[in-house]
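Chemist: First to last, the sequence lines map onto chains A and B. The numbering of the first sequence is my numbering, which starts it at 182 and goes up by one. The numbering of the second sequence is my numbering, which starts it at 182 and goes up by one. Cβ coordinates follow ideal geometry from the N, Cα and C atoms, glycine included. These numbers come from a predicted model, not from an experiment.
Number of protein chains: 2
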Amino acid sequence: MKKLDLMQYFFTPKSIAVIGASQDKGSVGFVVLENFAKGKYKGKLYAVNPKHKKVQGIQSYASILDVQEEVEHAIITVPAKIVPLVLEQCGKKKVKAVTIVSAGFAEIGDHVLTEKLQAVMNTYKNMKVIGPNCLGQMYIKEHVDALFLPPYRLKRPKNGTVSFISQSGALGSAILDWAGARDYGINKFISYGNAMDIDEADLLEYLGEDKETKVIAMYIEGVRNGRKFFKIAKKVAKRKPVILIKGGMSEEGNKATLSHTGSLAGSAQVYKAVFKQTGIIHAKTMKQVFDFAKLFSNEPLMKGNRIQTITNGGGYGVLATDGIIQSGLQLAQPSSATKKAIRKVVPSYAIIENPIDLTGDADDKRYEVAVKACLADKNIDAIILILLFQVPTLSKNIDKVMEKILKTRKKPVIVMSAGGHYAAQHKKHLERHNIATFSSPFPAAHALKAMYEYGKKH
Amino acid sequence: MKKLDLMQYFFTPKSIAVIGASQDKGSVGFVVLENFAKGKYKGKLYAVNPKHKKVQGIQSYASILDVQEEVEHAIITVPAKIVPLVLEQCGKKKVKAVTIVSAGFAEIGDHVLTEKLQAVMNTYKNMKVIGPNCLGQMYIKEHVDALFLPPYRLKRPKNGTVSFISQSGALGSAILDWAGARDYGINKFISYGNAMDIDEADLLEYLGEDKETKVIAMYIEGVRNGRKFFKIAKKVAKRKPVILIKGGMSEEGNKATLSHTGSLAGSAQVYKAVFKQTGIIHAKTMKQVFDFAKLFSNEPLMKGNRIQTITNGGGYGVLATDGIIQSGLQLAQPSSATKKAIRKVVPSYAIIENPIDLTGDADDKRYEVAVKACLADKNIDAIILILLFQVPTLSKNIDKVMEKILKTRKKPVIVMSAGGHYAAQHKKHLERHNIATFSSPFPAAHALKAMYEYGKKH
């Protein structure tokens with residue numbers, strides 16, 4: 182079976198064994214088993230632990246070889262020392278995909294144990310392995326969730342169209358938690374750790390082919406095979422947006438990666454060249470990863486770089502203008518038809534240029550007219566729609582009014598809104614209806630710039 | 182009476198009149214009166230509206246001149262056209278401080294009305310005026326709240342040590358709302374609009390003298406009197422941190438400010454020079470205003486630029502290292518005593534350099550030992566303390582454990598933590614105990630850099 186075909190068993194296995202399944206609350210083997218046992222996973226679940234006959238009420242096997250039925254996927258949580266033995270048993274059992282959560286290999290400098298593990302992998306080539314030293318994978322749609330973080334601490338996100346590859350488990354988990362809290366969808370998540378078998382390039386290739394994944398986001402510290410990564414990245418980035426943040430862009434950060442995942446990170450210059458040549462979208466901060474993913478997964482691509490701001494707060498209009506210019510985009514010049522339409526519904530002193538300032542006492546009607554006009558205006562490629570929900574002249578339904586108008590948009594619209602709970606509720610409504618919202622004008626402009634640059638190549 | 186003495190009547194008036202008090206829900210005159218009537222303001226409250234005998238159950242006067250008792254402060258919400266008349270009545274009544282919320286003057290190009298208003302101000306020099314075209318002021322401690330935004334839409338923050346001056350009402354209100362939702366304290370807030378009498382420099386001077394204000398944050402688009410501002414800024418910035426974001430740093434944004442508050446913003450070069458020479462801390466985004474205010478109001482100043490990262494997530498440790506280097510700070514070199522102390526409580530493979538990686542299964546004890554050692558270590562000037570609360574090995578009380586250890590800290594500690602609700606709860610506990618928390622490593626490093634630069638001059 183080909184590698185890409187085997188990889189499906191990480192995400193849609195019909196049977197899963199947790200090797201190292203545990204009774205001890207708080208232990209990795211406990212949480213992983215519990216997440217499947219209490220979750221909605223519909224396949225068969227096996228616990229492997231030689232010390233117990235039952236673990237969390239589930240029959241436990243001394244070894245995976247004792248399981249009679251086929252096991253498509255195994256998750257290994259045992260101590261590092263016995264991982265090679267246990268993996269060998271998985272090989273004999275013809276398990277197709279194995280996730281090794283356990284840490285204690287190359288990342289701590291244990292090369293003897295690492296070589297032992299490598300030898301097993303070399304023997305069983307038809308078994309694909311993620312890890313060791315990783316959080317494993319998650320595919321919400323099928324309730325496959327290898328994460329050893331309990332749901333009360335890390336809320337799982339809903340199903341979506343962004344998939345995320347992370348060399349770092351902690352970073353990956355924080356993103357999932359963040360997405361869960363904000364009601365953003367994630368399709369597939371993989372924390373791949375030391376990448377002894379399946380590496381970042383394999384995962385990128387797999388998600389590149391994956392029809393459910395519209396946008397790929399990545400955190401990497403280094404690549405295992407530069408040529409392979411380059412070739413695959415170039416292919417995938419043509420097909421869908423690949424957003425990447427690289428840890429260790431500074432020399433000192435680079436050194437720190439060595440002790441983290443045992444990979445040498447390579448120079449910043451090399452990576453910058455790779456991003457440019459492959460079409461990868463380079464995010465410089467975690468915030469940008471979120472921002473870009475949100476924009477690319479929700480909004481249509483831009484056809485030009487002319488941005489229009491609509492606002493009910495003059496100050497934010499000014500900052501959005503600064504942001505558009507500083508990010509290297511252009512101010513749109515709204516058409517006279519647009520200006521005329523808006524002029525009819527605003528007070529005489531309102532300025533209808535760029536920004537279009539609907540003024541502090543703007544009501545729903547003004548926004549309706551302005552947004553419709555700008556959506557139809559051929560001089561405008563994208564809109565930063567500033568909506569300060571706090572003002573009493575806007576109805577409580579302004580989010581729903583905007584959602585309906587924006588449903589058929591053919592250009593990207595970022596709704597920018599700052600504030601507390603009331604604003605957050607309204608933003609959440611828009612997000613649920615796949616409209617990108619931001620809290621600040623500069624990041625909105627920078628995200629549009631990234632989208633414009635990507636769009637030029639597509 | 183001197184200007185600075187008169188200004189107290191904006192914040193601690195014993196009596197307030199709302200001129201233009203209204204019965205119409207949603208109108209400015211309604212919300213302003215309601216906020217006082219339903220709020221906890223302890224002084225005397227008067228409604229002025231010639232059309233009604235009672236407004237919201239409060240006796241209403243035809244004019245402020247009909248009020249027998251002294252009125253220290255008046256808030257004007259009537260249409261622009263009658264503002265000069267009403268202000269003149271305030272002058273005759275010897276009101277000490279007036280806030281004109283009403284818009285429709287220089288910002289819409291109405292210079293005739295603006296001149297009329299100016300003439301009244303010139304006549305009554307002992308009456309100080311904020312506005313027109315502003316949100317007015319708020320002082321939570323005395324429940325003085327001129328904001329026409331209803332509390333269900335804009336949650337008021339608790340009392341704190343950061344005061345905020347904003348030329349833009351919308352920006353200011355978003356900050357208040359944001360602070361309210363996150364439980365951050367604000368001391369005094371002033372949205373000053375067109376600044377016809379009291380301008381940004383007067384407010385800066387007042388807050389510079391104000392003992393309750395530890396940190397001053399500002400949003401401005403332009404200054405009315407460059408020399409005056411420069412002189413006052415230089416004086417105040419020596420005494421306490423002044424964090425400023427300027428709208429209209431780009432030429433195009435600058436143009437947009439003209440239509441917003443009727444002020445010419447001036448070139449970016451001039452402003453940059455002013456920031457440098459006065460010691461003002463220049464925030465480039467709204468996010469940085471929040472970040473810097475949080476850090477300066479909670480943390481002791483740094484004595485050097487050597488930053489130590491402690492983490493339970495390798496990836497975030499790498500990014501923090503990148504952030505420290507890219508922001509121009511240095512990596513601390515922990516002393517051998519520090520390393521020795523930590524070595525005793527971590528697994529053999531844990532790397533105790535910079536970052537100190539307590540590894541993914543770190544428990545409360547490891548953090549306790551590491552943080553105590555770093556707080557005592559003379560090689561370390563500040564700490565980025567990465568705490569990923571999601572991992573099951575950390576107890577639910579880790580926030581309280583950290584809070585106790587950090588209580589007596591003499592160097593800044595930023596707790597960096599990403600994620601959703603569970604993480605947010607723990608962060609909130611730390612924030613309530615005046616410990617700065619961030620969601621991302623780069624902003625944490627940049628904020629420390631700003632603090633270091635400020636500290637060098639103090």
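Using a cut-off of 9 Å between C-beta atoms, extract the partners of B/M467 located in chain A.
Modeler: Those are Y497, L500, A599, S620, S621, P622, F623, listed as they occur along chain A.
Chemist: Would you call the region 326-336 of chain B and the region 385-397 of chain B touching, i.e. three or more CB-CB distances under 8 Å?
Modeler: Touching, no.
Chemist: Is B/D562 near B/A513, with beta carbons less than 8 Å apart?
Modeler: It is a contact, given that the beta carbons lie within the stated cut-off.
Chemist: Can you list, in chain order, the residues of its chain with a C-beta nearer than 6 Å to that of A/T618? Leave out the 5 residues immediately preceding and following it.
Modeler: Result list for A/T618: V596, K608, L611, E612, in chain order.
Chemist: Please specify which runs of the beta strand (DSSP E), each continuous and at least 3 residues long, are wholly inside the region 334-405 of chain B, giving them in chain order.
Modeler: You should have 339-347, 366-372, 396-401.
Chemist: Please return the same chain residues whose Cβ sits closer than 6 Å to the Cβ of A/F191, not counting the five positions on each side in sequence.
Modeler: Same-chain partners within the cutoff: A278, Q318.
Chemist: Below 8 Å between beta carbons: does that hold for A/F345 and A/I367?
Modeler: Cβ atoms of A/F345 and A/I367: closer than 8 Å.
Chemist: Can you tell me whether DSSP reads A/H602 as helix, strand or coil?
Modeler: A/H602 falls in the helix class under three-state DSSP.
Chemist: Contact criterion: CB-CB distance below 8 Å. Does B/L569 meet it with respect to chain A?
Modeler: Closer than 8 Å to some Cβ of chain A, the Cβ of B/L569 qualifies, so yes.
Chemist: For B/N493 and B/A543, which I take to be in contact (beta-carbon distance under 8 Å), what is that distance rounded to the nearest angstrom?
Modeler: That belief holds up - the Cβ atoms of B/N493 and B/A543 are roughly 4 Å apart, short of 8 Å.
Chemist: Rounded to the nearest angstrom, how far is the Cβ of A/L357 from that of A/Y373, given a contact under 8 Å?
Modeler: The pair is not a contact, with the Cβ atoms about 15 Å apart (cut-off 8 Å).
Chemist: Just how far apart, CA to CA, sit B/G220 and A/A522?
Modeler: Distance between the alpha carbons of B/G220 and A/A522: 41 Å.
Chemist: Might you give, ordered along the chain, the residues of its own chain that have their beta carbon closer than 8 Å to the beta carbon of B/S196, omitting 5 neighbours on each side?
Modeler: Around B/S196: G224, K225, L226, Y227, E250, E251, V252, E253, H254.
Chemist: Nearest by alpha-carbon distance to B/R547: which of B/N535, B/I564, B/T459, B/R524 is it?
Modeler: Among B/N535, B/I564, B/T459, B/R524, the Cα nearest to that of B/R547 belongs to B/R524.
Chemist: Taking the alpha-carbon of B/D538 as reference, which of B/Q511, B/L510, B/N560, B/L568 has the nearest alpha-carbon?
Modeler: The residue with the shortest Cα to Cα distance from B/D538 is B/L568.
Chemist: Candidates B/A382, B/P338, B/G290: which alpha carbon is nearest B/Q348's?
Modeler: Taking only the C-alpha atoms, the option nearest B/Q348 is B/A382.
Chemist: Out of A/N578, A/G272, A/G285, state which residue places its alpha-carbon closest to the alpha-carbon of A/V259.
Modeler: Here the closest residue by C-alpha is A/G285.
Chemist: Of the choices B/N314, B/K577, B/G407, whose alpha-carbon is the least far from that of A/G495?
Modeler: It is B/N314 whose Cα lies nearest to the Cα of A/G495.
Chemist: How about B/P515: is its C-beta nearer than 8 Å to some C-beta of chain A?
Modeler: It does not: the Cβ of B/P515 has no partner Cβ on chain A nearer than 8 Å.
Chemist: Helix, strand or coil for A/H610? Go by DSSP, reduced to three states.
Modeler: Residue state, collapsed to three classes: helix.
Chemist: If you draw a straight line from the C-alpha of B/T295 to the C-alpha of B/N303, how long is it?
Modeler: Each residue's Cα considered, the two are about 12 Å apart.
Chemist: Since A/A284 meets chain B, which of its residues come closer than 9 Å, beta carbon to beta carbon?
Modeler: Neighbours of A/A284 on chain B, chain order: Y530, T540, G541, D542.
Chemist: For B/A551, which option in B/G541, B/L352, B/I533 has the closest C-alpha, if you only look at C-alpha atoms?
Modeler: Among B/G541, B/L352, B/I533, the Cα nearest to that of B/A551 is on B/I533.
Chemist: Given that A/V572 touches chain B, what residues does it touch there, using C-beta distances under 7 Å?
Modeler: Ordered by position in chain B, the residues that pass the 7 Å Cβ test against A/V572 are L330.
Chemist: Would the beta-carbon of A/F477 fall within 8 Å of that of A/W359?
Modeler: No, Cβ-Cβ distance for A/F477 and A/W359 is not below 8 Å.
Chemist: Going by beta-carbon coordinates alone, are A/G429 and A/P622 separated by less than 8 Å?
Modeler: In this structure, A/P622 does not lie closer than 8 Å to A/G429 by Cβ.
Chemist: Where B/L575 and B/Y530 are concerned, what is the direct C-alpha to C-alpha distance, given to the nearest angstrom?
Modeler: Roughly 19 Å separates the two Cα atoms.
Chemist: Which bits of chain C does A/L187 rub up against, with CB to CB less than 7 Å?
Modeler: The chain inventory of the structure shown lacks chain C, comprising the protein chains A and B.
Chemist: State the DSSP-derived secondary structure class of B/Y190, mapped to helix, strand or coil.
Modeler: Here B/Y190 sits in helix by DSSP.
Chemist: Anything in chain A within Cβ reach of B/D169, meaning under 7 Å, just list it in chain order.
Modeler: Chain B is shown from 182 up to 639; residue 169 of chain B falls before or after that span and cannot be answered.
Chemist: Since B/I565 and A/G434 should fall inside the 8 Å C-beta cutoff, what is the C-beta to C-beta distance between them, to a whole number of angstroms?
Modeler: Not confirmed; about 13 Å, so no contact.
Chemist: Checking the sheet assignment: what are the DSSP bridge partners for B/D503?
Modeler: Looking at the DSSP assignment, B/D503 forms no beta bridge with any residue, so it has no partner.
Chemist: Got a sec: which bits of the region 186-219 of chain A sit with their beta carbon under 7 Å from any beta carbon on chain B, in order along the chain?
Modeler: Result list: G207, V212.
Chemist: Is it true that the CB of A/I257 sits closer than 8 Å to the CB of A/V267?
Modeler: Against a cut-off of 8 Å, the Cβ pair of A/I257 and A/V267 comes out as a contact.
Chemist: For B/M583, which of B/K475, B/Y305, B/K553, B/S241 has the nearest alpha-carbon?
Modeler: That would be B/K553, whose Cα lies nearest to the Cα of B/M583.
Chemist: If contacts are defined as beta-carbon pairs under 8 Å, then B/I245 and B/C271 qualify, I think. What distance do you get, rounded to the angstrom?
Modeler: Sure, about 6 Å apart at Cβ, within 8 Å.
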